[in-house]
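K.L.:
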Amino acid sequence: MGRDSTAGGHTPTPGDVSPRAGDRPDQPASRGEPTVSPREWIPLRSRRRPASPVSPANPVSPVNPVDSADPVEYGPSVPVAVPPAASAPASATPAPVTAPPVLAASHGVHATRQEQQEQQECGECQERADTCACPEQSRAWRRGVTRRWMVAGATTAGLGALAGTARLLFGTERIYDHGDTADMGALALFGAPGSFGDLDSFHDDAEGARIVTVDVPGWGFGPGQAAYMSTVTSDGTVFTATTPFSDNQAQPTGTGMEIAVFEPGPMRFTRLVVPSTTGRTHLPRADAGFRGVGGADVADVIVTGSGPDERVMFVSAVSYFGWDTAVYGELPALGQIRRPAPGQPWSYDPTRSWTTDQLAATALPGVAASAFPHEGRGEQRWSRGPAAIARLPASGHLVIAQYFGSSTLGTDQGALLVVDTAGRVRASWQYPEVQVFGVPVVVNPREVVTDPTSTAGDERFVLISDCRTADHQVVSFPIQEFSYSAGGAGQGSGTITPCSAAVRAAVDGSRMETACFDDNGTLYVARTRPDGLRAATLAVYPKIDGDRGLVTRAPATDGWPWRGWGVANPPEYFVAGTDSGGLVRSIVFDPASGAVVLAGLDGTLRAVRPSGRGRRMTFTVGQPIDIGLGRLRGPSNRYVGLRRGAVDARRRVMWLPVNQLVLDAIAWPYPPFKLDQWLMRVRTSRRGARTAPGRPRPRRRRRPECAGRLLRRRSGIPVHPRPGCP
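When we follow the UniProt record's numbering, the leftmost residue of the sequence shown carries the number 1, and every step to the right adds one.
#1: CA-CA distance, Arg424 and Ser580?
#2: List in chain order: all unbroken alpha helix (DSSP H) runs of 4+ residues lying wholly within the stretch 200-257.
#3: Over the uninterrupted alpha helix (DSSP H) stretch that includes Asp357, give me the two end residues.
#4: According to DSSP, is Asp300 helix, strand or coil?
#5: Are Thr421 and Arg381 closer than 8 Å when you measure CB to CB?
#6: Which of the three DSSP states, helix, strand or coil, is assigned to Ser611?
#7: Taking C-beta to C-beta, are Val303 and Thr411 nearer than 8 Å?
#8: What first and last residue would you give for the alpha helix (DSSP H) that runs through Thr351?
#9: My guess is that Leu629 and Ser586 are in contact by the Cβ rule of under 8 Å, so how many angstroms apart are they, rounded?
#10: For Ala369, which three-state DSSP category applies?
#11: What is the rounded straight-line gap between the Cα of Leu605 and the Cα of Gly490?
#12: Give me the DSSP bridge partner(s) of Tyr639.
#13: So Ala592 and Ala649 are in contact, right, with Cβ under 8 Å, and what is the actual spacing, rounded?
#14: Which residues in the same chain as Pro669 place their Cβ atom closer than 6 Å to its Cβ, once the five residues preceding and following it in sequence are excluded?
#15: Helix, strand or coil: how does DSSP classify Thr557 here?
#16: So, helix, strand or coil for Phe290, using DSSP?
#17: For Asn444, which of Ala456, Gln413 and Pro452 has the nearest alpha-carbon?
#18: What is the DSSP secondary structure of Thr528, counted as helix, strand or coil?
#19: If contacts are defined as beta-carbon pairs under 8 Å, then Gln402 and Arg384 qualify, I think. What distance do you get, rounded to the angstrom?
#20: With Leu538 as the anchor, note down where its beta strand (DSSP E) starts and where it stops.
#21: Helix, strand or coil for Trp323? Go by DSSP, reduced to three states.
#22: Taking the alpha carbon of Asp466 as the point to measure from, which residue in Ala299, Ile479, Arg613 and Pro308 has its own alpha carbon closest?
#23: For Ser454 versus Pro498, is the C-beta spacing smaller than 8 Å?
#24: When the Cα of Arg613 is compared with those of Val216, Glu572 and Ala241, which residue comes out closest?
#25: Determine contact between the stretch 527-535 and the stretch 544-564, defined as no fewer than three beta-carbon pairs at a distance below 8 Å.
#26: Start and end of the alpha helix (DSSP H) containing Thr411?
#27: Count the other CB atoms within 10 Å of the CB of Arg426; is the residue buried (16 or more) or exposed (fewer)?
#28: Of the residues Thr362, Ser485 and Thr684, which one's Cα is nearest the Cα of Arg609?
#29: Look at Leu679 and Asp247 and say whether their C-beta atoms are less than 8 Å apart.
#30: For Thr552, does the three-state DSSP call read helix, strand or coil?
#31: According to DSSP, His374 sits in a beta bridge with which residue or residues?
#32: When the Cα atoms are used, what is the spatial distance from Ala505 to Phe517?
#33: Between Val596 and the rest of its own chain, which residues show a CB-CB distance below 6 Å, the 5 nearest in sequence each way excluded?
#34: Around the Cβ of Thr278, are there at least 16 other Cβ atoms within 10 angstroms (buried) or fewer (exposed)?
#35: Quick one: Cα of Pro452 to Cα of Asp519, how far?
#36: With C-beta atoms as the reference, is Ile627 less than 8 Å away from Leu187?
What follows is the structure, encoded as structure tokens:
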């Protein structure tokens, strides 16, 4: 659910509002209602509390973890090759650095003006800008403001300056297009005209890095809607889910449901507004105390199918917020978007989208009662907060993480659900009651990621959950591996089976934050330190002899919910050099370059390039780059961050949603209003550069005077260039 904590003095608690509360917003939810327990409502202990020593005599319990005493590590990382954890300490020996592919160029609205400036700068060298090695002149930074982020109730200030002078993500060599399109640079930020603040055409003269801002006519999210998770289709269209400004789906700040659609080719942005079953697009809550808010979020989006069957599927965590369904209808809990024919616009498909009641009608009675319970007499069925969705590789079925528990079922634990693309429920699994050292732990499933190498009958996926105690103390987030078998074609024939216990990578209070698989079935897990703010080292679990260490070292034996939940299961590799900066918001695998790309809450990108597989893996950690989120900072009550990116392997680019939120800087609820949102494009491979047909790519030549200028700038040595070169 919402993965940011609230800022400032007031910290909401589950008593402040329930996603199905029927009274005033300041009225505590009743005991019989499913309380909202997203991560922002989980207060941490004071960071000033002394840390307890960790020793065999004083082990760290997964409940009430010890705060980290490690200082924040600023500056660039060192490329390293890391041997297996079983045979080497965490501090690995540095290995020779292999330069990864460099970011390539593309086209954009501002490119013509920048291209003319480049040619003017290099005019005295009598060379085209695309072959000249003269560094560009610095572009003035206008006013700068430090960005502020709130996570887990704590504050970070100035983390955006972490890697301001670092090299580009995949290298520093400049690559140019030589077709009809002009150079846009390695990093490009798309948004509404005039929305880029101090980031407009940012240029880092020290490293030659540039962030180009691109005005897109008609760009704009709806009132109360912020950019969230993203995905990209085969034609290059980028779909971005939406979340409330509160970053809490149970506290909506808009009035409808929408998905942002961006087509980079024609530079076209579309607000795809999802209508209700009665055709309504404006669904405010009737109670005037909620000040007109309503509608629903879009918690996650994925692409399924290919060719004419390609579709975008989405889930909504809270698809109903107390309006009169007889008048306003219902919004889908699971929806689809399709393109009727090539060249036609993407559109919402109501015939293949389903409300909670419609999904329940496809399930067996017992499954419907547990997966979609009635929380009160006469109320709509409760979807239990579908927070994430992923496609299983063999069957094509969809596994969904249900974040919330159910008062009807008498549990706060979340659940897992599998449906097919026809909207039929195939399997359901209720998370059992968990105890650690006798302390009950609430488990709220937040993220599901599928293994692309798994086979029919044993389709593997991993689950990351938010966890807390009954008094809302954070418990270190674990990761757990599951298997799905589709079974026959009958109703509810599938089964979900735990393969491993819920485990942590280390007994230090760190949390398993987000994960991805590569095309070999190797699992990469981004971790967070106990303070909930800073990144811990990346954990890597390779697939060895058909299984990962998650299963072989910590199988799900009888009694695992109270005997083995939260145990330490160190990975084969901890990747040194990945533990600086903010917690990782996005981790994706790029099949074109073979790199795993990490994006942190502090606005930095970092690429990790693995080599080998299984027990013989090494890693090259790239230098971080700052994508300039601090320069998008608006008023003091706004917060700028990013969310899960999407890789377009065919075009060798990655798209990152950049959002602007309010969190709790304004007391909720408040009337809906608009905030600027953006989309960052990152070139991920040198081979992404194109040349015009029949024209070879020119070699990069360096004249003596250009080399003199370059040497003078980078080393400070007083080299006197020949006249004519600045």
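Note that beta-carbon positions come from the ideal geometry of N, C-alpha and C, so glycine has one too. In this text, all values refer to a predicted model and were calculated from it rather than measured experimentally.
P.N.:
In terms of the structure at hand:
#1: Take the alpha-carbon of Arg424 and the one of Ser580: they are about 44 Å apart.
#2: Runs of the alpha helix (DSSP H) lying entirely within the stretch 200-257 and spanning at least 4 residues: none are present.
#3: Counted as a single uninterrupted DSSP element, the alpha helix (DSSP H) harbouring Asp357 occupies residues Thr356 to Ala361.
#4: Strand, per DSSP.
#5: No.
#6: Here Ser611 sits in strand by DSSP.
#7: Cβ distance not < 8 Å, so Val303 and Thr411 don't count as in contact.
#8: Counting along the chain, Thr351 falls outside any alpha helix (DSSP H), and DSSP gives it neither H nor E.
#9: Not really, about 13 Å apart at Cβ, beyond 8 Å.
#10: It is helical.
#11: Rounded to whole angstroms, Leu605 to Gly490 spans 46 Å at the Cα level.
#12: Residue pairing by DSSP places Tyr639 opposite Leu661 in a beta bridge.
#13: Between Ala649 and Ala592 the Cβ distance is about 5 Å, and since that is below 8 Å, they are a contact.
#14: If we look at Pro669 and ignore the five residues flanking it on each side, its Cβ neighbours are Pro25, Phe290, Arg291 and Val293.
#15: Note: Thr557 maps to coil in three-state DSSP.
#16: In the structure shown, Phe290 sits in a helix (DSSP, three-state: H, G or I).
#17: For the set Ala456, Gln413 and Pro452, the Cα lying nearest the Cα of Asn444 is the one of Gln413.
#18: Looking at Thr528 - three-state DSSP - the assignment turns out to be strand.
#19: Cβ-Cβ separation between Gln402 and Arg384: approximately 4 Å, consistent with a contact (criterion under 8 Å).
#20: Under the DSSP assignment, Leu538 falls in the beta strand (DSSP E) whose first and last residues are Ala535 to Tyr541.
#21: Residue state, collapsed to three classes: coil.
#22: Ranked by Cα distance from Asp466, the options Ala299, Ile479, Arg613 and Pro308 are led by Ile479.
#23: Not in contact: Ser454 and Pro498 (Cβ atoms no closer than 8 Å).
#24: Nearest option by C-alpha distance: Glu572.
#25: No, they do not touch.
#26: In the DSSP assignment, Thr411 falls outside any alpha helix (DSSP H), carrying neither H nor E.
#27: If you draw a 10 Å sphere on the C-beta of Arg426, you find 16 or more other C-beta atoms in it, and that means buried.
#28: Minimum Cα distance to Arg609 is reached at Thr684.
#29: The answer is no: Cβ separation not under 8 Å.
#30: Residue state, collapsed to three classes: helix.
#31: For His374, which the question treats as bridged, DSSP gives the partners Arg381.
#32: The straight-line gap from Cα to Cα measures roughly 17 Å.
#33: So the qualifying residues of the chain are Tyr524, Phe589 and Val608.
#34: Thr278 sits exposed, since fewer than 16 C-beta atoms from the chains shown fall within 10 Å of its C-beta.
#35: About 6 Å.
#36: Between Ile627 and Leu187, the CB-CB gap stays under 8 Å.
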